[in-house]
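Protein chains: 2
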Amino acid sequence: MTAAANQNGRRATASRRLERAGIRDVAAAAGVSITTVSDALNGKGRLPDETRSRVREVAERLGYRPSAAARTLRTGRSGLIGLTVTTYGEEPFTFTEFAYFAEMARAATSAALGRGYALVVLPASSRHDVWSNIALDGTVVIDPPDQDPLVTELYRSGVPVVSDGKPGNCPVTAWVDNDHEAAVLGILEHLSEAGARRIGLLTGTSTDTYTRLSTEAYLAWCDRVGQEPVYEAYPAHDPAAGAVAADRLLARPDRPDAVYGLFDPNGTDLLAAARRYGLRVPDDLLLVCCSESDVYANTEPPITTLSLKPRRIGTTVVNLLIDAIEGVDADTGTATGRLFPPRYRTAGTGPPPGTLMPTELIVRASSQPRAPRTTVSPPRPPGEV
Amino acid sequence: MTAAANQNGRRATASRRLERAGIRDVAAAAGVSITTVSDALNGKGRLPDETRSRVREVAERLGYRPSAAARTLRTGRSGLIGLTVTTYGEEPFTFTEFAYFAEMARAATSAALGRGYALVVLPASSRHDVWSNIALDGTVVIDPPDQDPLVTELYRSGVPVVSDGKPGNCPVTAWVDNDHEAAVLGILEHLSEAGARRIGLLTGTSTDTYTRLSTEAYLAWCDRVGQEPVYEAYPAHDPAAGAVAADRLLARPDRPDAVYGLFDPNGTDLLAAARRYGLRVPDDLLLVCCSESDVYANTEPPITTLSLKPRRIGTTVVNLLIDAIEGVDADTGTATGRLFPPRYRTAGTGPPPGTLMPTELIVRASSQPRAPRTTVSPPRPPGEV
DNA sequence: CGTCCACGGAGAAACGTATCTCCGACCTTC
DNA sequence: GAAGGTCGGAGATACGTTTCTCCGTGGACG
Chain A
1 MTAAANQNGR RATASRRLER AGIRDVAAAA GVSITTVSDA LNGKGRLPDE
51 TRSRVREVAE RLGYRPSAAA RTLRTGRSGL IGLTVTTYGE EPFTFTEFAY
101 FAEMARAATS AALGRGYALV VLPASSRHDV WSNIALDGTV VIDPPDQDPL
151 VTELYRSGVP VVSDGKPGNC PVTAWVDNDH EAAVLGILEH LSEAGARRIG
201 LLTGTSTDTY TRLSTEAYLA WCDRVGQEPV YEAYPAHDPA AGAVAADRLL
251 ARPDRPDAVY GLFDPNGTDL LAAARRYGLR VPDDLLLVCC SESDVYANTE
301 PPITTLSLKP RRIGTTVVNL LIDAIEGVDA DTGTATGRLF PPRYRTAGTG
351 PPPGTLMPTE LIVRASSQPR APRTTVSPPR PPGEV
Chain B
1001 MTAAANQNGR RATASRRLER AGIRDVAAAA GVSITTVSDA LNGKGRLPDE
1051 TRSRVREVAE RLGYRPSAAA RTLRTGRSGL IGLTVTTYGE EPFTFTEFAY
1101 FAEMARAATS AALGRGYALV VLPASSRHDV WSNIALDGTV VIDPPDQDPL
1151 VTELYRSGVP VVSDGKPGNC PVTAWVDNDH EAAVLGILEH LSEAGARRIG
1201 LLTGTSTDTY TRLSTEAYLA WCDRVGQEPV YEAYPAHDPA AGAVAADRLL
1251 ARPDRPDAVY GLFDPNGTDL LAAARRYGLR VPDDLLLVCC SESDVYANTE
1301 PPITTLSLKP RRIGTTVVNL LIDAIEGVDA DTGTATGRLF PPRYRTAGTG
1351 PPPGTLMPTE LIVRASSQPR APRTTVSPPR PPGEV
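One line per chain: the protein sequences are A and B, in this order.
If you count the first sequence from 1, position 165 lands on 165 in the working numbering, and the numbers rise without skipping.
If you count the second sequence from 1, position 159 lands on 1159 in the working numbering, and the numbers rise without skipping.
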């Protein structure tokens, strides 16, 4: 409103069309300096409330919106977190396909939003020029395959990376995973107690950590209790193959009297296969599968499921990542501000810190020879860090 | 390798620690100017191949990664597209909850990636400071409610906005939707031909376009053929309410002999309700619901579904948006480069251009009094834009 | 022998913000 | 009455690109 001589410098002469108002325009209109505008809007500096509110008013009137790009360049923070999802074929695969990942992604999105960050979906098959063109403060990677080039590259660029699923060979800042070993052991014990004499496994052919750890735990258990392993593996991304594998498993001469299926659709598939072979569940066959879907509460009979608690995982992963982003000054490596557990500070040497989260076994009729009980608490994993 | 005197100016004196290599460092190391490095790496300018490859080599050796923030600031392009999802409670709702949105989001992600863009998930409940802090080239908005403040704000900022679902009062650059009117009419005709005398509707209480247009089409049809409307509405985001509403609908004194359910879970709910009332499907009750899920191929009996073809929608939305982003120079309003249908150019006046996409009715046993036929082609909507 | 053009490339000005440094004026205090 | 402290704010610089402008140098050509 006041005088406020032209502070725009050369800009005034040049194109002065419909461009969005910049901080300079606000400064000029309010009759103050750029510094003052910046301070007033960001709540910094020492300014009397009167000036502060006046500047804000002017900014509002001009419809001023700070340039995110400029701010990012200046501060080195974009407020963006990558969500790396594996792809199958052309499509981002795990993203919405499995209830687990969908839930996890939703929880991660919420958690990030709550702390002022947004998520960028970053398919693993992304062209290098796409994601290298995005200013990321950090990345969440879901179930990284061994030697994921994207993760390696990001990590080397100094971008913090936190993975859902214990990483194979990728260097990561931190990781979060369920205690798959404890979960599988818990299920096998549960089935044994329910009377199972020979427990089979429906597993996958891929090399991701979940499949590998779960299968190994199963095999170790078999070895320990002296049962011959009975399992079928199939490519988990192929829904049709799951039904076939379930059928194969029940068609074996050494047919199991209880089966644990590692993947979400296995419950339905196994149930259908059991019907085809005239097997009653749970009388002739005990069934458990790993799933986040609640359809298994209403199947006939309801099926016992193992929940990996994806929301908890998603939230934890994002919080760890943001802690890493905000806690460590990228340049000096010193903690700034926030309280910050020292274990995340392991810079380079030693394995990245991991967090194991408990699972939950939801017991239903399919694994109970008698009347089913209600939800039961999971076997707590050995108190890992 | 060569001499290449210190071109860093003041930087050399200051902090020279572990900072990532910048374009200046590459220039110095290659003994050329910044301009040359930029041109060499971006394939611009006139440079002999020898220089180009040498510069690239040096850049590679130094592990040079251009700063996305700086590039965005300079070029005004971030390569980022917002994906606005509605929220229910704390969580991003439609994002992964419904098969339609999940499929649509996946297709959109792929399409964007294919054209060099990445998607940022932007819950509608986002704090203003979060998404206003992100440099977006454009935004896809899923099913915008009337007067969506986020959309309005974005549009006013000059960010192109394309919506999935015909927008109510929001100003958008363009929109894509199914021809819900034609779809509903097609279903009602289909049911009539199958012998239905009184067709009921299971609909929602929310005001989104899909619900509104579908319900209106139903009411108009009732009016035209002289049938008394028979419908129940419930809050679509509440799964439990759906089952209750299905029950209510079949408990009415004027019980319909055919029902169309607008939402994905309606098929299961209606089937369960029918069982409770001892109604046989399709003999006593014809059933159709709108769903992208293939579980309805295996229910007992299989249920006829209307598919909205979400992948096609997602792809189209993104392509329209990117066309708008790349086709129009933000400053001059003139088309640059790409071929670009003139209809997107309507700047400000007139309604935004919309595209109607056909749906597909997948006929199964639940709507066929006799033996079911296989998939049937949809009634093509009246050839719109 | 003078001109012009293509070639290869350098310089410097933006892009719009945050922030560090510094400065004047006023007020207090001895 | 001078010294020091606080308040309120201005100036300038840096963030790391892209790109516009311009310049010297040869060779071709008239």
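The C-beta atom is built at its ideal place from N, Cα and C for all residues, glycine as well.
Query                                                                                                                                                                                              : Result
How many whole angstroms separate the CB atoms of Cys-290/A and Phe-263/A, which I take to be in contact at a CB cut-off of 8 Å?                                                                   : 7 Å
Rounded to a whole number of angstroms, what is the C-alpha to C-alpha distance between Val-1184/B and Pro-301/A?                                                                                  : 36 Å
Considering only the alpha carbon of each residue, which of His-1237/B, Ser-1125/B, Gly-1168/B, Gly-1314/B lies closest to Ala-1107/B?                                                             : Gly-1314/B
Quick one: which residues of the region 1152-1167 of chain B get their C-beta closer than 8 Å to a C-beta of chain A? List them in chain order.                                                    : Arg-1156, Ser-1157, Gly-1158
Determine the direct distance from the alpha carbon of Tyr-260/A to that of Val-225/A, and round the result to whole angstroms.                                                                    : 17 Å
Shortest alpha-carbon distance to Asp-283/A belongs to which of Asp-257/A, Glu-103/A, Ser-307/A, Val-295/A?                                                                                        : Asp-257/A
Residue ranges of each alpha helix (DSSP H) run of no fewer than 4 residues wholly in the region 115-196 of chain A, ordered along the chain?                                                      : 128-131, 149-156, 180-193
If contact is defined by three or more beta carbon pairs under 8 Å, each pair taking one atom from either stretch, is the region 148-163 of chain A in contact with the region 179-197 of chain A? : no
For Val-26/A and Asp-49/A, what's the separation of their Cα atoms in angstroms?                                                                                                                   : 17 Å
Exposed or buried, which one is Lys-309/A when buried takes at least 16 other CB atoms within 10 Å?                                                                                                : buried
Considering only their Cβ atoms, is the gap separating Met-1357/B from Val-1176/B smaller than 8 Å?                                                                                                : yes
So, is Ala-220/A buried or exposed, given that buried needs 16 or more other C-beta atoms within 10 angstroms?                                                                                     : exposed
Report the three-state DSSP secondary structure of Ile-303/A (helix, strand or coil).                                                                                                              : coil
From the DSSP output, which residues share a beta bridge with Thr-84/A?                                                                                                                            : Leu-122/A, Val-141/A
Who are the Cβ neighbours of Ser-307/A in its own chain at under 7 Å, not counting the five residues just before and after it?                                                                     : Glu-292, Thr-359, Glu-360, Ile-362
Taking the straight line between their C-alpha atoms, what separation do you get for Ser-125/A and Ala-1241/B?                                                                                     : 40 Å
Grouping DSSP H, G and I as helix and E and B as strand, with all else coil, what is Leu-41/A?                                                                                                     : helix
Under a three-way DSSP split, which group does Val-1032/B fall into?                                                                                                                               : coil
How is the alpha helix (DSSP H) around Leu-361/A delimited, first residue to last?                                                                                                                 : It is not in any alpha helix (DSSP H) - Leu-361/A instead sits in the beta strand (DSSP E) that spans 360-362.
Can you tell me which of the three DSSP states Glu-228/A falls into?                                                                                                                               : coil
Would you identify the three-state DSSP class for Tyr-1218/B, choosing helix, strand or coil?                                                                                                      : helix
Whole angstroms are fine: how far does the CA of Glu-1326/B sit from the CA of Gly-200/A?                                                                                                          : 56 Å
Going by CA-CA distance only, name the one from Asp-269/A, Pro-265/A, Val-141/A that's closest to Ala-99/A.                                                                                        : Pro-265/A
From the DSSP secondary-structure annotation, give me the bridge partner or partners of Glu-91/A.                                                                                                  : Tyr-88/A
Counting contacts by CB-CB distance shorter than 8 Å, is Leu-286/A in contact with chain B?                                                                                                        : no
Quick check: the Cα distance between Leu-1080/B and Pro-1144/B, rounded to an integer number of angstroms?                                                                                         : 20 Å
Indicate the three-state DSSP secondary structure (helix, strand or coil) for Gly-1333/B in the structure shown.                                                                                   : Low confidence applies to Gly-1333/B: its pLDDT is 42, below 50, so where it sits in the model is not reliable enough to give any reading.
Check the Cβ of Trp-131/A against every Cβ in chain B and list those closer than 8 Å, keeping chain order.                                                                                         : Ala-1118
Give me the residue from Arg-24/A, Thr-205/A, Arg-115/A, Arg-52/A with the minimum Cα distance to Thr-316/A.                                                                                       : Arg-115/A
Does DSSP put Ala-1233/B in a helix, a strand or coil?                                                                                                                                             : strand
In chain order, what residues of the same chain have a beta carbon less than 7 Å from the beta carbon of Leu-83/A, not counting five sequence neighbours either side?                              : Ala-105, Ala-108, Leu-119, Val-120, Val-121, Leu-122, Val-140
Please name the residue in Ala-196/A, Leu-47/A, Asp-137/A whose C-alpha comes closest to that of Leu-286/A.                                                                                        : Ala-196/A
Quick one: what's got a C-beta closer than 7 Å to Tyr-1210/B's C-beta in the same chain, skipping five residues either side?                                                                       : Asp-1143, Gly-1165, His-1180
Roughly how many angstroms lie between the CA atoms of Ala-1070/B and Ile-134/A, to the nearest whole one?                                                                                         : 11 Å
Within the continuous beta strand (DSSP E) that includes Gly-1063/B, where are the two ends?                                                                                                       : Element bounds for Gly-1063/B: n/a, residue is neither H nor E.
For the alpha helix (DSSP H) that Gly-327/A lies in, which residues bound it at each end?                                                                                                          : 310-327
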